[in-house]
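A.B. asks:
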Amino acid sequence: MRLCILPFVSAVLLSGCQTGTDALTTSAATSTVTGPAASAIAGDIAGRYAEQAGSTATPIRLHSDASDFATALEAALKGWGFTVVTDDKARSLKDTAKPIELAYSLIDVDGQVLVRLSSETLELGRAYSVSSGGATPASPLSLMKRN
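Position 79 (the sequence shown) corresponds to 79 in the UniProt record's numbering; numbering is contiguous.
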């Protein structure tokens, strides 16, 4: 009986361990949001990010992605005054401030799209109802700030 409990206890203890990396998870748009819905969601979440981030002086680094949401998010952030760089351009910014790593995820759940936008110090989340003409917020904004 003790031998059966030992692996269980070990698994529980190890599940609380963190990895040694400070990196954010990679961006992923697993949702099928396209066109006007992608633009509406990107515009809203970028606006909420701009409200919380404050300064637009530090460039934002987004991972390259060919999805409609990634393109719309980049355009929305630029519209708010942020300088957005991709992986290739970030290497050439040696003389300027270190870019803020910004990761995002979109997940379809129960007929809605859950969107998360994360940096090292800020994390935003919101659910959206998607229609053929666009998307509207379906939940309050979830905000977490880290020091």
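Cβ coordinates follow ideal geometry from the N, Cα and C atoms, glycine included.
Should Thr-25 be labelled buried (16 or more other beta-carbon atoms within 10 Å of its own) or exposed?
C.D. replies: Taking the first residue of the sequence shown as 1, we reach residue 25 at position 25. Any reading at Thr-25 must be qualified, since the residue scores a pLDDT of 47, below 50, and its modelled position is unreliable; the value itself is stated next. With fewer than 16 Cβ atoms within 10 Å of its Cβ, Thr-25 is classed as exposed.
A.B. asks: By DSSP's criteria, Gly-125 is part of a beta bridge. Which residues make up the other side?
C.D. replies: Locating residue 125 in the sequence shown gives position 125, where the first residue counts as 1. Looking at the DSSP assignment, Gly-125 forms a beta bridge with Arg-116 and Ser-142.
A.B. asks: Who are residue 202's beta bridge partners in DSSP?
C.D. replies: Residue 202 is absent from the model: the chain starts at 1 and stops at 147.
A.B. asks: If you draw a straight line from the C-alpha of Ala-138 to the C-alpha of Leu-114, how long is it?
C.D. replies: Here residue 138 refers to the residue found at position 138 when the sequence shown is read from its first residue. Here residue 114 refers to the residue found at position 114 when the sequence shown is read from its first residue. Roughly 9 angstroms between the two C-alpha positions.
A.B. asks: Please look up how many angstroms separate the CB atoms of Ala-103 and Phe-69, rounded, as I've assumed it's under 8 angstroms.
C.D. replies: To locate residue 103, count along the sequence shown from 1; it is residue 103. To locate residue 69, count along the sequence shown from 1; it is residue 69. Contact doesn't hold; Cβ gap of about 13 angstroms is too wide.
A.B. asks: For Thr-86 and Glu-51, what's the separation of their Cα atoms in angstroms?
C.D. replies: Residue 86 sits at position 86 when you count from the first residue of the sequence shown. Residue 51 sits at position 51 when you count from the first residue of the sequence shown. Answer to the nearest angstrom: the Cα atoms are 22 angstroms apart.
A.B. asks: In angstroms, rounded to a whole number, what distance separates the CA positions of Gly-79 and Gly-111?
C.D. replies: Within the sequence shown, the letter at position 79 stands for residue 79. Within the sequence shown, the letter at position 111 stands for residue 111. Approximately 29 angstroms, taken between the alpha carbons.
A.B. asks: Within the continuous beta strand (DSSP E) that includes Ala-103, where are the two ends?
C.D. replies: Within the sequence shown, numbered from 1, the residue matching residue 103 stands at position 103. Element bounds for Ala-103: 103-109.
A.B. asks: Quick one: using the 10 Å Cβ neighbour count with 16 as the cut-off for buried, is Val-130 buried or exposed?
C.D. replies: Numbered from its first residue, the sequence shown carries residue 130 at position 130. With 16 or more Cβ atoms within 10 Å of its Cβ, Val-130 is classed as buried.
A.B. asks: Suppose you measure from the CA of Thr-58 to the CA of Ala-38; what does that come to, to the nearest Å?
C.D. replies: Counting from 1 along the sequence shown, the entry for residue 58 is found at position 58. Counting from 1 along the sequence shown, the entry for residue 38 is found at position 38. Taking the straight line joining both Cα atoms gives about 25 angstroms.
A.B. asks: Please report the distance separating the alpha-carbon of Ala-76 from that of Asp-108.
C.D. replies: Here residue 76 corresponds to residue number 76 of the sequence shown, with the count starting at 1. Here residue 108 corresponds to residue number 108 of the sequence shown, with the count starting at 1. Those two C-alpha atoms are separated by around 22 angstroms.
A.B. asks: Just how far apart, CA to CA, sit Ala-97 and Glu-120?
C.D. replies: Numbered from 1 along the sequence shown, position 97 holds the residue referred to as residue 97. Numbered from 1 along the sequence shown, position 120 holds the residue referred to as residue 120. Cα-Cα distance, rounded: 15 angstroms.
A.B. asks: Figure out for me which residue from Pro-140, Leu-106, Ser-55 and Ala-72 has the closest Cα to the Cα of Thr-32.
C.D. replies: Residue mapping note: residue 32 aligns to position 32 of the sequence shown, counting from 1. Minimum Cα-Cα distance from Thr-32 among the listed residues Pro-140, Leu-106, Ser-55 and Ala-72 corresponds to Leu-106.
A.B. asks: Quick test of your reading: Pro-36 and Gly-125, contact by CB under 8 angstroms. State the CB separation rounded to the nearest angstrom.
C.D. replies: Walking along the sequence shown from the start, residue 36 turns up at place 36. Walking along the sequence shown from the start, residue 125 turns up at place 125. Not a contact, Cβ separation roughly 22 angstroms.
A.B. asks: Which residue wins for smallest C-alpha separation from Phe-82, given the options Gly-47, Asp-65 and His-63?
C.D. replies: Stepping through the sequence shown from its first residue, residue 82 is reached at position 82. It is Gly-47 whose Cα lies nearest to the Cα of Phe-82.
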